[in-house]
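Everything below concerns the one structure shown next.
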């Protein structure tokens, strides 16, 4: 049962009663009275004590604990806060044909420094590819395929091209320090789904142990011994991972999977944009429109998963309307599009498409 924290008035009333009970004749109703002052002091101390006891009671449970206790709860079951990681990948450019360049060549993009991690040899036509890692850890080092990266020290390597291009897999795997709420959710997932010697929830947990992964879903494929693990990655467009992110997650899962599961595949969901048309929106302001888009996107993450053949997923139209109605300042609206529920399959995950506001 709930343990209510008494108010100052309740505690004061209780203390006055004790004085009248144990000191007969005491008048605790007078304002300028020593006993009245003592009652107020005792009530204040008692209220602080109850507030502290209530706070401590919340720390017993992972779902309500404060930051430092979330970390301790999770550590008890072997779940630790994910630390920042650097972005890695490869970039291409030109150099002297057949020349060998040592590890440590520096490149720069938007103030982020990348360093080559191994020797690289230029082809006969001069083309060359460097494996690089961001010097600093964090999501700001991730780059999409085709992005431009500049040679940081052209004076040291005058025969290398000044501009390099991010390879088709992109630069990925960079992640910031895990938020406490994400850590809390991983801890709750572990408590609700104890290790099962290769159960699907085990593979979901493995994926979520990788820095930057914010959600994961595992499915058994039709072929024996095959598990598909779809996941979302922080700070990517619509949270859809890049190939470089998939490579990082696949490498980690390969170190964890059971030998009898010989084909565990990390996969990026396919974005399934859902266009939304809203008519009759009251208090139609820029701020409310932005909040509606954020609310629908958050709902997709909280309630949805990818659908696959034989295990499709249906996005209820009512969920979208509910997300819109929950925005502060929204009083009424008419959801004209989508016209009905949206069914997902083939690894598709819902993303917010074009939002149109009608009259």
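In this note's numbering, the protein residues as written are -9 to 349. We treat Cβ as the ideally placed atom computed from N, Cα and C, and that holds for glycine. What you are looking at is a predicted structure, and each value in this text was computed from that prediction instead of being measured.
- Once you ignore the five residues that flank residue 181 on each side, which residues in its own chain have a CB closer than 8 angstroms to its CB? Indexing the chain shown from 1 puts residue 181 at position 191. Excluding residues within five positions, the ones whose Cβ falls inside 8 angstroms are 52 and 67.
- Terminal residues of the alpha helix (DSSP H) in which residue 24 lies: Numbered from 1 along the chain shown, position 34 holds the residue referred to as residue 24. Per DSSP, residue 24 belongs to the alpha helix (DSSP H) from 24 to 48.
- Segments of 4+ residues assigned as alpha helix (DSSP H) that fall wholly inside the segment 112 to 186: 170 to 182
- Task: Grab me the residues of residue 143's own chain with a C-beta within less than 7 angstroms of its C-beta, minus the 5 sequence neighbours each way, in chain order.
- Result: Start at 1 with the first residue of the chain shown, and residue 143 comes out as number 153. The answer, listed in chain order, is 96.
- Query: By how many angstroms is the C-alpha of residue 198 removed from the C-alpha of residue 164?
  - Reply: Working through the chain shown from its first residue, we reach residue 164 at position 174. Working through the chain shown from its first residue, we reach residue 198 at position 208. Each residue's Cα considered, the two are about 14 angstroms apart.
- the segment 120 to 138 touching the segment 63 to 81, judged by at least three CB pairs closer than 8 angstroms: yes
- Message: With H, G and I counted as helix, E and B as strand and the rest as coil, what does DSSP make of residue 309?
- Response: Here residue 309 refers to the residue found at position 319 of the chain shown. It is helical.
- Query: Rounded C-beta distance between residue 338 and residue 296? I'm assuming under 8 angstroms.
  - Reply: What you label residue 338 is simply residue 348 of the chain shown in a count that begins at 1. What you label residue 296 is simply residue 306 of the chain shown in a count that begins at 1. Between residue 296 and residue 338 the Cβ distance is about 6 angstroms, and since that is below 8 angstroms, they are a contact.
- Does DSSP classify residue 222 as helix, strand or coil? Stepping through the chain shown from its first residue, residue 222 is reached at position 232. Here residue 222 sits in strand by DSSP.
- Query: Just reading off the alpha helix (DSSP H) that residue 263 is part of, what are its end residues?
  - Reply: The residue labelled residue 263 in the question sits at position 273 within the chain shown. Premise fails: residue 263 lies in the beta strand (DSSP E), 260 to 269, not in any alpha helix (DSSP H).
- Please classify residue 90: is it buried, with 16 or more other beta-carbons within 10 angstroms of its beta-carbon, or exposed? As a first step, residue 90 is located in the chain shown; it is residue number 100 there, counting from the start. Looking at its Cβ environment, which holds fewer than 16 other Cβ atoms inside 10 Å, residue 90 is exposed.
- Under the assumption that residue 84 contacts residue 151 (Cβ atoms under 8 angstroms), give the Cβ distance between them as a whole number of angstroms. Taking the chain shown and counting its residues from 1, the one referred to as residue 84 is at position 94. Taking the chain shown and counting its residues from 1, the one referred to as residue 151 is at position 161. With 8 angstroms as the limit, residue 84 and residue 151 qualify as a contact, their Cβ atoms being about 4 angstroms apart.
- Which residues in the same chain as residue 333 place their Cβ atom closer than 6 angstroms to its Cβ, once the five residues preceding and following it in sequence are excluded? Locating residue 333 in the chain shown gives position 343, counting from the first residue. Result list for residue 333: 302 and 304, in chain order.
- Query: From 331, 336 and 326, pick the residue whose C-alpha is nearest to that of residue 299; which is it?
  - Reply: Numbered from its first residue, the chain shown carries residue 299 at position 309. Here the closest residue by C-alpha is 336.
- Message: Distance check for residue 27 and residue -1, CA to CA, integer angstroms please.
- Response: Position 9 of the chain shown, counting from 1, holds the residue named residue -1. Position 37 of the chain shown, counting from 1, holds the residue named residue 27. When rounded, the distance between both Cα atoms is 13 angstroms.
- Query: So residue 347 packs on residue 268, CB below 8 angstroms; how close in whole Å?
  - Reply: For the purposes of this step, residue 347 is identified with residue 357 of the chain shown, where counting begins at 1. For the purposes of this step, residue 268 is identified with residue 278 of the chain shown, where counting begins at 1. Indeed they touch by this definition, with Cβ atoms about 5 angstroms apart.
- Item | Assigned exposure category for residue 192 - 16 Cβ within 10 Å defines buried | Against the chain shown, residue 192 aligns to sequence position 202. Result: buried.
- Task: Return the residue from the list 64, 133, 175 and 196 that minimises the CA-CA distance to residue 292.
- Result: On the chain shown, position 302 is the one that residue 292 refers to. It is 175.
- Euclidean distance between Cα positions of residue 71 and residue 177: Residue numbering aside, residue 71 sits at position 81 when the chain shown is read from its first letter. Residue numbering aside, residue 177 sits at position 187 when the chain shown is read from its first letter. Each residue's alpha carbon lies about 10 angstroms from the other.
- Message: Comparing C-alpha positions only, which one of 15, 290, 48 and 19 sits nearest to residue -6?
- Response: Counted from its first residue, the chain shown places residue -6 at position 4. Minimum Cα distance to residue -6 is reached at 48.
- Query: What first and last residue would you give for the beta strand (DSSP E) that runs through residue 7?
  - Reply: Residue 7 sits at position 17 when you count from the first residue of the chain shown. From DSSP, residue 7 is part of no beta strand (DSSP E) but of the alpha helix (DSSP H) over -2 to 12.
- For the 8 angstroms Cβ check, are there 3 or more pairs between the segment 38 to 47 and the segment 152 to 159? no
- Query: Which residues in the same chain as residue 351 place their Cβ atom closer than 6 angstroms to its Cβ, once the five residues preceding and following it in sequence are excluded?
  - Reply: With the chain running from -9 to 349 in the structure shown, residue 351 is simply not present.
- Query: What do you reckon, are the CB atoms on residue 173 and residue 344 nearer than 7 angstroms?
  - Reply: One-based indexing of the chain shown puts residue 173 at position 183. One-based indexing of the chain shown puts residue 344 at position 354. It is not a contact, given that the beta carbons lie outside the stated cut-off.
- Task: With DSSP as the reference, please indicate the residues paired to residue 215 in a beta bridge.
- Result: Position 225 of the chain shown holds residue 215. Per DSSP, none; premise fails for residue 215.
- Message: Tell me the residue span of the alpha helix (DSSP H) that contains residue 239.
- Response: Within the chain shown, numbered from 1, the residue matching residue 239 stands at position 249. Its alpha helix (DSSP H) spans residues 233 to 246.
- Message: Counting C-beta neighbours from all protein chains within 10 Å, is the total for residue 120 16 or more, i.e. buried, or is it exposed?
- Response: Within the chain shown, the letter at position 130 stands for residue 120. Residue 120 is buried by the Cβ-count criterion.
- Query: Which of helix, strand or coil does DSSP assign to residue 275?
  - Reply: Translated into the one-based positions of the chain shown, residue 275 becomes position 285. Coil.
- Query: Grouping DSSP H, G and I as helix and E and B as strand, with all else coil, what is residue 98?
  - Reply: Position 108 of the chain shown holds residue 98. Strand at residue 98.
- Query: Which term fits residue 227, buried or exposed, when burial requires 16 or more other beta carbons within 10 angstroms of its beta carbon?
  - Reply: Residue numbering aside, residue 227 sits at position 237 when the chain shown is read from its first letter. By the 10 Å Cβ count, residue 227 comes out exposed.
- Less than 7 angstroms separating the beta-carbons of residue 318 and residue 263? For the purposes of this step, residue 318 is identified with residue 328 of the chain shown, where counting begins at 1. For the purposes of this step, residue 263 is identified with residue 273 of the chain shown, where counting begins at 1. Cβ distance not < 7 angstroms, so residue 318 and residue 263 don't count as in contact.
- Task: Pick out whichever of 147, 294, 146 and 69 has its Cα sitting closest to the Cα of residue 350.
- Result: Within the shown structure, residues of the chain are numbered from -9 to 349, placing residue 350 beyond reach of any answer.
- Taking residue 224 as the reference, give the member of 168, 31, 310 and 218 with the closest Cα. Along the chain shown, read from residue 1 onward, the residue named residue 224 stands at position 234. Nearest option by C-alpha distance: 168.
- Query: Is residue 339 helix, strand or coil by DSSP?
  - Reply: Counted from its first residue, the chain shown places residue 339 at position 349. Looking at residue 339 - three-state DSSP - the assignment turns out to be strand.
- Query: What's the gap between the Cα of residue 230 and the Cα of residue -3?
  - Reply: In the chain shown, counting from the first residue as 1, residue 230 sits at position 240. In the chain shown, counting from the first residue as 1, residue -3 sits at position 7. Residue 230 and residue -3: Cα-Cα distance of roughly 49 angstroms.
- Query: Name the DSSP beta bridge partners of residue -7, please?
  - Reply: As a first step, residue -7 is located in the chain shown; it is residue number 3 there, counting from the start. Beta-bridge pairing links residue -7 to no other residue.
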